[in-house]
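Q: These protein sequence lines are chains B and R, in that order.
When you line the first sequence up against the numbering used here, it's residues 6 to 217, in that order.
When you line the second sequence up against the numbering used here, it's residues 6 to 217, in that order.
Protein chains: 2
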Amino acid sequence: MGITERKQKARLAMRTLILDTAMRLFLEEGFEKVTVRRIAGAIEYSPATIYLYFRDKNDILFALHAEGFDRFYRLQQTVLQVKDPWERLRMHARVYISFALENREYYDLMFIMRGPVEKLKAARDWSVGIRSYDFLKENIRDCMAAGYLPKTEVDVAAFAIWSFTHGMASLIIRQRCAMISPDLLSSVVDGAIDFMTARIEKGKMIGKGRRK
Amino acid sequence: MGITERKQKARLAMRTLILDTAMRLFLEEGFEKVTVRRIAGAIEYSPATIYLYFRDKNDILFALHAEGFDRFYRLQQTVLQVKDPWERLRMHARVYISFALENREYYDLMFIMRGPVEKLKAARDWSVGIRSYDFLKENIRDCMAAGYLPKTEVDVAAFAIWSFTHGMASLIIRQRCAMISPDLLSSVVDGAIDFMTARIEKGKMIGKGRRK
DNA sequence: TAATTATATGAACATCGTTTATTTGATGAG
DNA sequence: CTCATCAAATAAACGATGTTCATATAATTA
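(1) Going by the CB atoms, is the gap between Leu69(B) and Ala27(B) shorter than 8 Å?
(2) Relative to the alpha-carbon of Ala150(B), which residue among Glu34(B), Lys62(B), Asp89(B), Thr54(B) has its alpha-carbon at the smallest distance?
(3) Nearest chain R C-beta to Arg138(B) closer than 8 Å, yes or no?
(4) Looking at chain R, which residues of the segment 51-74 of chain B have a Cβ within less than 8 Å of any of its Cβ atoms?
(5) Skipping 5 residues on each side, what residues in its chain have a beta carbon closer than 6 Å to that of Arg101(B)?
(6) With H, G and I counted as helix, E and B as strand and the rest as coil, what does DSSP make of Thr5(R)?
(7) Considering only residues of the same chain and omitting the five flanking positions on each side of Leu190(B), which have a CB-CB separation below 8 Å?
(8) Decide if the segment 160-170 of chain R is in contact with the segment 131-142 of chain R; the criterion is three or more beta carbon pairs, one per stretch, under 8 Å apart.
(9) Report the neighbours of His171(R) on chain B: residues whose CB is nearer than 9 Å to its CB, in chain order.
(10) Quick one: grab the DSSP three-state call for Ala197(R).
(11) What's the gap between the Cα of Ala47(R) and the Cα of Leu22(R)?
(12) Can you give me the C-alpha to C-alpha distance between Asn108(B) and Gln86(R), rounded to a whole angstrom?
(13) Name the residues in the segment 193-206 of chain B whose C-beta lies less than 7 Å from a C-beta of chain R; which are they?
(14) I need the boundaries of the alpha helix (DSSP H) containing Thr170(B), first residue and last residue.
(15) In three-state DSSP terms, what is Met118(B)?
(16) With DSSP collapsed to three states, give me the class of Arg29(R).
(17) Quick one: grab the DSSP three-state call for Arg60(R).
(18) Looking only at its own chain, which residues have a Cβ that is under 8 Å from the Cβ of Gly134(B), when we skip the five neighbours before and after it?
(19) In three-state terms, what does DSSP make of Thr21(R)?
(20) Give the range of the alpha helix (DSSP H) segment to which Leu218(R) is assigned.
(21) Any Cβ of chain B within less than 8 Å of the Cβ of Asp162(R)?
(22) Measure the beta-carbon distance from Phe67(B) to Phe104(B) and round it to whole angstroms, keeping in mind my assumption that it falls under 8 Å.
(23) Can you tell me whether Glu61(R) is buried or exposed, with buried defined as 16 or more other CB within 10 angstroms of its CB?
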């Protein structure tokens with residue numbers, strides 16, 4: 006059936022056109038510019054048309070949310086270049102923070118905003134997120150195997166480490182760091198990562214010369 | 006001047022009436038019920054009246070924000086009962102999390118929401134928040150003095166620890182913990198606190214019997 | 001060519017935060 | 001006591017928002 010196939014293609018093209026436009030508004034003009042009417046205006050369609058392709062606005066936000074996780078995952082994979090598990094975990098934290106700070110709108114959408122997530126029940130909708138989380142857990146397992154971390158429950162350690170990095174990112178993005186002077190902020194963040202990783206590392210006082 | 010004094014009192018009474026009502030809507034019916042019109046309706050005034058007492062909606066949110074910090078600070082002080090600095094710091098983390106999870110709307114307002122904070126520049130508007138932060142720093146200093154933590158920069162350590170607890174709280178409140186089964190969540194949180202504090206503690210492998 | 005179906009839209013609805021012109025009610029002066 | 005003055009309260013409106021629905025247009029099928 007060539008005809009229904011073409012229609013499906015057109016339908017999908019329209020969906021991605023809407024998404025790309027929404028994304029562009031998001032990145033270029035920031036948060037509040039993403040309104041159904043503005044998206045429609047940018048592609049020169051009526052606002053009502055949007056609703057032929059997305060159930061509601063959160064449906065659009067969720068699609069961007071998924072796209073964000075995809076970008077995040079790809080960036081995250083670059084830490085695989087680092088062979089030593091411990092250094093890789095440290096790199097992991099730094100990459101996480103820099104993604105968050107250089108893609109604030111995305112990060113907000115993915116990890117902070119209420120909208121995209123609230124009408125979503127199925128676990129499979131989280132698959133892109135869980136993939137990244139599993140990657141972190143794998144890294145932690147490697148650290149445990151190599152003796153950098155004690156062999157505790159991986160889920161607990163992963164949640165703890167994730168919470169730490171997410172905490173920094175979200176405090177900065179949502180501007181709760183007034184007590185830290187802006188020009189010191191990035192060095193405090195680096196310092197915090199160093200502090201945490203140095204503190205977390207297993208049995209560093211014993212010193213069998215494990216580190217290079 | 007008895008007359009202007011009475012007027013000032015009436016004015017303040019109206020302000021607190023509005024705030025209390027906004028607060029009640031917040032706590033009883035959750036987030037989205039706090040609208041200027043609904044607040045006005047609840048106290049049986051016109052919406053326009055609200056604007057005689059608050060510049061805009063964020064002005065109201067900010068007042069609640071401040072009230073939240075006050076509650077938070079008072080709860081936080083209870084950790085002073087714990088004499089040992091290290092145990093006090095651990096208690097600090099647990100108290101932080103339980104405040105966040107038992108007062109989600111408040112916590113959201115204080116540490117996550119964009120609204121209350123965005124039109125606020127003056128440092129003194131943060132004073133209630135900074136007071137709590139200073140309290141944490143004091144605790145960390147005590148831990149360093151007692152040898153539980155290395156003597157690094159207090160600001161860095163405080164930011165790191167705060168980020169960790171805030172990270173957990175905000176991930177849970179904004180529902181980003183789909184990968185952790187809900188009935189395990191609280192034990193994972195406890196586990197994460199244990200993991201972090203156990204890992205963070207200075208020189209625990211040397212064991213000079215410092216701990217009781 | 002006529003009937004059917006998918007696509008697009010204009011206009012409307014309800015709601016939001018906010019502003020302005022107007023009315024109400026209390027206070028002070030003559 | 002009456003009238004002018006001033007602050008408090010409001011009704012009505014403005015410009016937004018997300019969303020829906022009846023209608024019109026274009027494409028496909030019979």
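Yeah, the Cβ is synthetic: ideal placement off N, Cα and C, and Gly gets one too.
A: A quick look at the data gives this:
(1) Yes, these two residues count as a Cβ contact at 8 Å.
(2) Taking only the C-alpha atoms, the option nearest Ala150(B) is Asp89(B).
(3) According to the sequence displayed, residue 138(B) carries Tyr and not Arg. At least one chain R Cβ lies under 8 Å of Tyr138(B).
(4) Against chain R - using a Cβ distance shorter than 8 Å - the segment 51-74 of chain B contributes no residues.
(5) Checking the sequence, you will find Tyr at residue 101(B) rather than Arg. Closer than 6 Å at the Cβ level, and outside the excluded window around Tyr101(B), lie Thr170.
(6) The structure shown does not extend to residue 5(R), since chain R is modelled only from 6 through 217, so no value can be given for it.
(7) So the qualifying residues of the chain are Ile177, Cys182.
(8) Flag = yes, the segment 160-170 of chain R and the segment 131-142 of chain R touch.
(9) Going along chain B in sequence order, the residues near His171(R) (Cβ under 9 Å) are Ser168, His171, Gly172, Met173, Ser175, Leu176, Arg181.
(10) Three-state DSSP puts Ala197(R) in a helix.
(11) Rounded to whole angstroms, Ala47(R) to Leu22(R) spans 10 Å at the Cα level.
(12) Rounded to the nearest whole angstrom, the CA to CA distance from Asn108(B) to Gln86(R) is 43 Å.
(13) Answer in chain order: Val193, Gly196, Ala197, Phe200, Met201, Arg204, Ile205.
(14) Where Thr170(B) is concerned, the enclosing alpha helix (DSSP H) stretches over 159-178.
(15) Under the three-state reduction of DSSP output, Met118(B) falls in the coil class, being neither helix nor strand.
(16) Helix.
(17) Arg60(R) falls in the coil class under three-state DSSP.
(18) Scanning its chain for C-beta atoms nearer than 8 Å, with the 5 sequence neighbours on each side dropped, one finds around Gly134(B) the residues Phe74, Met115, in chain order.
(19) For Thr21(R), the three-state secondary structure derived from DSSP is helix.
(20) With chain R covering 6 to 217 only, the question about residue 218(R) has no answer from this structure.
(21) A small fix is needed here, since residue 162(R) is Ala in this sequence, not Asp. Yes, because at least one Cβ of chain B sits closer than 8 Å to the Cβ of Ala162(R).
(22) Not really, about 19 Å apart at Cβ, beyond 8 Å.
(23) The sequence shown places Asp at residue 61(R), rather than the Glu named in the question. By the Cβ neighbour-count rule, Asp61(R) is exposed, with fewer than 16 other Cβ atoms within 10 Å of its own.
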